[in-house]
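For reference, the structure discussed in these notes is given below.
In the working numbering, the protein residues as written are 11 to 146.
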């Protein structure tokens with residue numbers, strides 16, 4: 011039987027999982043029950059996970075439309091995927107894209123404070139993809 015409880019050691023940032031073992035046997039024998047408490051935040055040392063999202067936009071008739079998009083845990087892989095997606099677009103689509111760096115913390119919902127556009131990519135007339143750094 012497991013019950014989630016807010017941890018007091020880390021000021022409620024993590025959930026403490028209280029696991030009771032041998033509850034029925036201890037009750038029948040009249041012995042003390044044993045329980046173990048594990049905090050998923052302070053004991054586990056959960057590091058925030060960073061992800062790199064890439065998105066391609068196409069400007070067709072003056073209207074921007076979302077094209078291909080994806081996610082990777084490596085910046086270089088996201089840059090390669092964005093480069094490949096931009097090269098596959100039609101030349102008249104005026105395609106451009108960007109790479110977004112996000113940080114996901116354990117037990118929290120991703121929000122806009124952890125979202126940062128770090129690269130903007132454009133496709134030039136020769137078919138080459140040019141990356142411009144927009145944030146550190």
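All C-beta atoms in this analysis are idealised placements derived from N, C-alpha and C, irrespective of residue type, glycine included. Computed from a predicted model, the values in this text were never measured in an experiment.
Own chain partners of residue i with C-beta closer than 7 Å, once the 5 adjacent residues on each side are dropped
| i | result |
| --- | --- |
| residue 73 | none |
| residue 134 | 140 |
| residue 96 | 66, 105, 107, 131, 133, 139 |
Continuous alpha helix (DSSP H) stretch holding residue i: start and end
| i | result |
| --- | --- |
| residue 88 | 85-97 |
Anticipated Cβ contact below 8 Å, residue i with residue j, distance rounded
| i | j | result |
| --- | --- | --- |
| residue 65 | residue 107 | 6 Å |
| residue 92 | residue 131 | 6 Å |
| residue 110 | residue 125 | 6 Å |
| residue 127 | residue 99 | In fact, because the Cβ distance is near 19 Å, the residues do not count as touching under 8 Å. |
Where residue i falls: helix, strand or coil (DSSP)
| i | result |
| --- | --- |
| residue 103 | helix |
| residue 138 | coil |
| residue 11 | For residue 11, the predicted structure reports a pLDDT of 46, less than 50, and the residue's modelled location is therefore unreliable. The matter cannot be settled from this model. |
Residue i to residue j span [Cα, whole Å]
| i | j | result |
| --- | --- | --- |
| residue 70 | residue 60 | 32 Å |
| residue 90 | residue 137 | 15 Å |
| residue 129 | residue 146 | 9 Å |
| residue 77 | residue 114 | 24 Å |
| residue 75 | residue 17 | 45 Å |
| residue 102 | residue 84 | 30 Å |
| residue 112 | residue 86 | 15 Å |
Extent of the continuous beta strand (DSSP E) run through residue i
| i | result |
| --- | --- |
| residue 80 | 73-82 |
| residue 146 | Per DSSP, residue 146 belongs to no beta strand (DSSP E) and is neither H nor E. |
| residue 131 | 125-133 |
Own chain, CB closer than 6 Å to residue i, minus 5 neighbours either side, in chain order
| i | result |
| --- | --- |
| residue 104 | 69 |
| residue 79 | 65 |
| residue 82 | 62, 88 |
Residue i Cβ short of 8 Å to the ligand MN heavy atom set
| i | result |
| --- | --- |
| residue 108 | Within the structure as shown, the ligand MN is missing, as the structure has no ligands at all. |
Residues near residue i in its chain [Cβ-Cβ closer than 8 Å; skip 5 each side]
| i | result |
| --- | --- |
| residue 142 | 129, 130, 131, 132 |
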